[in-house]
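Heads up: the sequence shown is residues -17 to -1, 1 to 105, going by mature numbering (1 follows the signal peptide of the UniProt record, and there is no 0).
By construction, the Cβ of each residue, glycine as well, lies at the ideal position given by its N, Cα and C atoms.
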Amino acid sequence: MQSWLLAVCALTVVVAAQQYPNRYENFNTDAIIQNERILLAYYKCVMDKGPCTKDGKNFKRVLPETLTTACARCSPKQKQVVRKMLLGIRSKSEPRFFELLDKYDPEHANREALYKFLVTGV
């Protein structure tokens, strides 16, 4: 019985560690995308061109892995948020979008998977 309980606890820890915390699952991407000033501030933060808010620092920390794995560790809701944000950046300024991708995936190692994620959400 103890070993079964230990195994369940270990599995829970492993599954929880595979996804990002759900802190930003209800993040209002529309408000950011529609406000050029806020969108530019986040962009400058993640591109090391300006100061970062607490949220900006968190995004900057997970952005490299998120882009290079096409959001593999994201929950379904987080995938929606990331996808919407990246598509919003692209629609507002395609040069900034590509500059962002080039910074965090300079070898274009995962570009095809990222584009597929942006198109399909998977």
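- Using a Cβ distance threshold of 8 Å, N18 and T51 do not count as a contacting pair.
- For the 8 Å CB-CB criterion, K43 and C54 do not form a contact.
- Per DSSP, the continuous alpha helix (DSSP H) segment holding N41 begins and ends at K37 to T51.
- Of the candidates I16, L69 and V64, L69 places its Cα closest to the Cα of L83.
- Excluding the 5 residues flanking it on each side, I15 has same chain C-beta neighbours closer than 6 Å at I21 and L22, in chain order.
- Linking K67 to G33 through their CA atoms gives a straight-line distance of about 23 Å.
- For the pair V45 and S74, the Cα-to-Cα distance works out to about 22 Å.
- One alpha carbon belongs to M30, the other to D88, and they sit about 13 Å apart.
- For P78, the enclosing alpha helix (DSSP H) starts and ends at E77 to Y87.
- V105 carries a coil assignment under DSSP once its states are collapsed to helix, strand and coil.
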